[in-house]
Structure formats: structure tokens, C-alpha cells
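Report on the following structure.
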Ligand SMILES: [Zn+2]
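Numbering (the UniProt record's numbering), first residue to last: 1 to 376.
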């Protein structure tokens, strides 16, 4: 089959590789649609974010397969010890998959703490992912896609599942003021979840008029351009108190069109005393942080678990995300502006996603490999 092969940072090409085979407890899936994540784009380019060291060590040993955890596809075959009863995954099923699976064998897993597993498998990171015509995943990570949800939306559901985790972590209560810094994919999804969850005033900041328009349609009450005096506007909207919850989604490598670390500073100035900041952005390991200010104001700095599945194989956040899409509560299609055809388009999709603003893209560029017969 054809798949993306990485020979160095910034050096990728689509090449012929051996077909994947389903081992015990595994399934092979024909990829119907796949999209790069921003984190993958940063890692492929050599940015020093999480897992950079692991990837550098692998590249030092030779070419490697990397990335491809946001995808949807059709089950092609199942390996031994995968069940055959009702509810078990079988060939022909339309599916996506949770990207992270705890090892199930270590001391933490044996103590029923899969979130503390030091060696989870992560699709596309610890083994080959879906930047390919076919992908093999553990059967326990497979999530069925309900009828009426197309491959494009199903491939884009992982960031929504991640946003659901972040929303739950912040424990947003009805009536609370939510400030979302950044109107990219994660920003718009957090605006939408805050609205659906009964937040009071929802405020969002962003740079692109098109993205701010999306955020407004997602339910934001107050839309601020990033060059406005955001702190003053938030104070005014909250009678001087500050936001109860801030989702910081704009920080990250400026080379990838992100805002560096200044948004964490802004979050600390806009949150109320005793409020919560959820750091959704993937920041470099040694980013500066306003810890003195946060301590003085008793602000909780929260970090969602890495990956939408966390370290537990449970698919509940995915199931809920797919439910929201099927019901029409969240319109993931509005975030998809670039769809490319065929596996050979993967490098182009990576280039577009790495610098979305330069390409006029709102969300990641998707690659369609297979028409699974319903594109609702
Ligand atoms: Zn484990």
C-alpha cells in the first residue's frame, strides 16, 4: 500500500510500504478520510513540543512512519481473539478510533489507573497511523460511527472529543462567564460546548474575521479582535470581576501561525480571582508562565489529558462527540475548507495545515481516500 514516510524533520514523501496485518486483538481499517493535527504538523517540522525527543531518536535510526490519528474508515479485517458477537467490530463497519490506549499490563494499569500508564500506545506516535491507505488499531479503541455522519465529520471528531474533555475538566457551571482565547478549531469548539453547556456570557478573541464569524455563529456573545484591549473588555463584561473560566487555545509556535506564550499571560490577567484557566495549547517545554500572579489570585491552572481518549480506552467522549454531530448540535463541516483527493495528497495536506492562515484554511486540510457511501 501507499503511506507517508518521514526521512527527517520537514522531509516526507508518499511511498510503497508493506500492507498492515491484524494481530491478535487488532483490526485493519481502510482509511476513508484523514486530517493532520496541528501538533503533528509541529512535530513533523521539528518543533520542540511533546514527543519531539522520541521522534528525533527514531529518525536517527532511519526513515519512520509518523502521525495520522484523526481519521475515519471502513473495517477491512479483524485479527484473532476479536469477538464475533453483536456489538463487536466486523468487516464493513464504518468507524473511527480513540488514539490512546493504556498498556493494560503495568503497575498503574493493574491498579485500575490507566490514566497513569507510563507506556500507552498512541496511534501514529508509538506505531504507524492513518497517513496511509490502511491502518491497524487495537479493536478496543474502535468507535462505531452512527448512520448519518459522513467520513469527513467522523475524521474531525477527535478534536471535539478533546474539547469535551477540557470542558469537563473546567467543570463549567450554568451561568458562568467563559472566555476563549483563540478562534481556531479548538477555540470555536470550546465556544460551542460552552453555549450548549449553559454558560452565561461567552467571550472569544481571534485574529481572522472568518474565524470570528464562525465563533459568533457557534454562540459567542462577545467577539473581540486580538488587537483589542481584551482585558478591559472582559472586565467591563463581568462588572470588573473577570471570567470564571478561560480556555487558552491560541498559544504555540509563531511559525505555525500561533501566538507564542503571551496568551497565557493574557489569560492570567482576564480570569477572576479563584477562577480556572485550561491550557488547551501545546506549548514548548520551558514556556514562561505568570506563576506569581496565578498564586496571588488563587487561580487553578488546568491541563487536559494528552489526547482526546486520555489514557483510558473508554470511548465515551468520542461517542458523545459523534452524538453532538449527528444531532446537528456541532457543525464540524463548517471548519473544513480544504479537501484533497487520494493518498498522494498527504504532503500537501500537511503543508496547508501547518500554515492554515497562509492558505486561507479554517481547520486542517482533509484527505479523502475512500467514498464510504454516505456523506451526510
Ligand atoms: Zn499501563
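No residue lacks a Cβ here, since even glycine has one placed at the ideal position from N, Cα and C.
Extent of the continuous alpha helix (DSSP H) run through residue i
| i | result |
| --- | --- |
| residue 66 | Counting along the chain, residue 66 falls outside any alpha helix (DSSP H), and DSSP gives it neither H nor E. |
| residue 138 | From DSSP, residue 138 is part of no alpha helix (DSSP H) but of the beta strand (DSSP E) over 134-138. |
| residue 231 | 230-237 |
| residue 175 | Taken as a continuous stretch (DSSP letters only), residue 175 belongs to no alpha helix (DSSP H), as it is neither H nor E. |
| residue 261 | Taken as a continuous stretch (DSSP letters only), residue 261 belongs to no alpha helix (DSSP H), as it is neither H nor E. |
| residue 111 | Looking at the DSSP string, residue 111 is not in any alpha helix (DSSP H), and its letter there is neither H nor E. |
| residue 47 | Note, residue 47: premise wrong, no alpha helix (DSSP H); not H, not E. |
| residue 196 | 185-196 |
| residue 325 | 316-327 |
| residue 213 | 209-218 |
| residue 153 | 151-155 |
In DSSP terms, what residue i is bridged to
| i | result |
| --- | --- |
| residue 247 | 180, 278 |
| residue 339 | 366 |
| residue 16 | 2 |
| residue 223 | 204 |
| residue 353 | Beta-bridge pairing links residue 353 to no other residue. |
| residue 11 | 8 |
| residue 100 | 122 |
| residue 252 | 260 |
| residue 127 | 123 |
| residue 72 | 33 |
| residue 89 | Looking at the DSSP assignment, residue 89 forms no beta bridge with any residue, so it has no partner. |
| residue 271 | 243 |
| residue 330 | Residue 330 is not bridged to any residue. |
| residue 78 | 27 |
Member of the options whose CA lies at the smallest distance from the CA of residue i
| i | options | result |
| --- | --- | --- |
| residue 72 | 361, 146, 173 | 146 |
| residue 174 | 103, 200, 137, 298 | 200 |
| residue 139 | 167, 120, 97 | 97 |
| residue 267 | 239, 192, 286, 297 | 297 |
| residue 20 | 133, 62, 103 | 133 |
| residue 56 | 247, 18, 42 | 42 |
| residue 225 | 218, 238, 208, 235 | 208 |
| residue 79 | 17, 270, 25 | 25 |
| residue 393 | 244, 323, 317, 156 | Residue coverage of the chain in this structure runs from 1 to 376, which leaves residue 393 outside it and unanswerable. |
| residue 136 | 229, 195, 91, 13 | 91 |
| residue 103 | 94, 110, 120, 116 | 120 |
| residue 67 | 107, 290, 161, 131 | 131 |
| residue 176 | 203, 290, 162, 289 | 203 |
| residue 114 | 343, 305, 347, 372 | 305 |
| residue 18 | 85, 361, 31, 3 | 3 |
| residue 272 | 295, 243, 287 | 243 |
| residue 141 | 27, 286, 149, 347 | 27 |
| residue 361 | 334, 344, 323 | 334 |
| residue 129 | 111, 40, 151 | 40 |
| residue 160 | 101, 328, 290, 324 | 324 |
| residue 240 | 246, 231, 23 | 231 |
| residue 317 | 193, 237, 85 | 193 |
| residue 332 | 150, 228, 359 | 150 |
| residue 16 | 237, 64, 52 | 64 |
| residue 172 | 189, 23, 245 | 245 |
| residue 370 | 13, 30, 93 | 30 |
| residue 326 | 148, 189, 195, 287 | 148 |
| residue 303 | 87, 158, 276 | 276 |
| residue 220 | 290, 179, 227 | 179 |
| residue 32 | 343, 5, 300 | 343 |
Span of the beta strand (DSSP E) around residue i
| i | result |
| --- | --- |
| residue 144 | 142-144 |
| residue 386 | In the structure displayed, the chain extends from 1 to 376; residue 386 sits before or after that span and is not available. |
| residue 51 | Residue 51 -> no beta strand (DSSP E), and no H or E assigned at all. |
| residue 96 | 94-97 |
| residue 296 | No beta strand (DSSP E) holds residue 296; the alpha helix (DSSP H) holding it covers 291-296. |
| residue 32 | 26-35 |
Say whether the segment 207-225 touches the segment 177-194, bearing in mind that this needs 3 or more beta-carbon pairs closer than 8 angstroms, one atom from each stretch. Yes, they touch.
Can you find at least 3 beta carbon pairs, one from the segment 34-51 and one from the segment 3-18, that sit closer than 8 angstroms? Three or more pairs of CB atoms, one per stretch, sit closer than 8 angstroms, so the segment 34-51 contacts the segment 3-18.
If you pair each beta-carbon of the segment 73-90 with each one of the segment 113-127, do three or more pairs fall below 8 angstroms? In short, these stretches do not touch, since the Cβ pair count stays below three.
Which residues, in chain order, sit with a beta-carbon under 7 angstroms away from any heavy atom of ligand 1? Residues with a Cβ closer than 7 angstroms to any heavy atom of ligand 1, in chain order: 102, 103, 104, 105, 106, 108, 109, 114, 117, 118, 119, 120.
Do the segment 333-343 and the segment 353-368 touch if we need at least three Cβ pairs shorter than 8 angstroms? Taking a contact to require three or more Cβ pairs closer than 8 angstroms, the segment 333-343 and the segment 353-368 qualify as touching.
Okay, do the segment 48-62 and the segment 262-273 touch, 3+ Cβ pairs below 8 angstroms being the bar? No contact exists between the segment 48-62 and the segment 262-273.
Given 8 angstroms, three or more beta-carbon pairs between the segment 24-38 and the segment 358-372: Cβ pair count under 8 angstroms is three or more, so yes.
Are the segment 242-254 and the segment 279-286 in contact at 8 angstroms, needing three or more beta carbon pairs? In short, these stretches touch, since the Cβ pair count reaches three.
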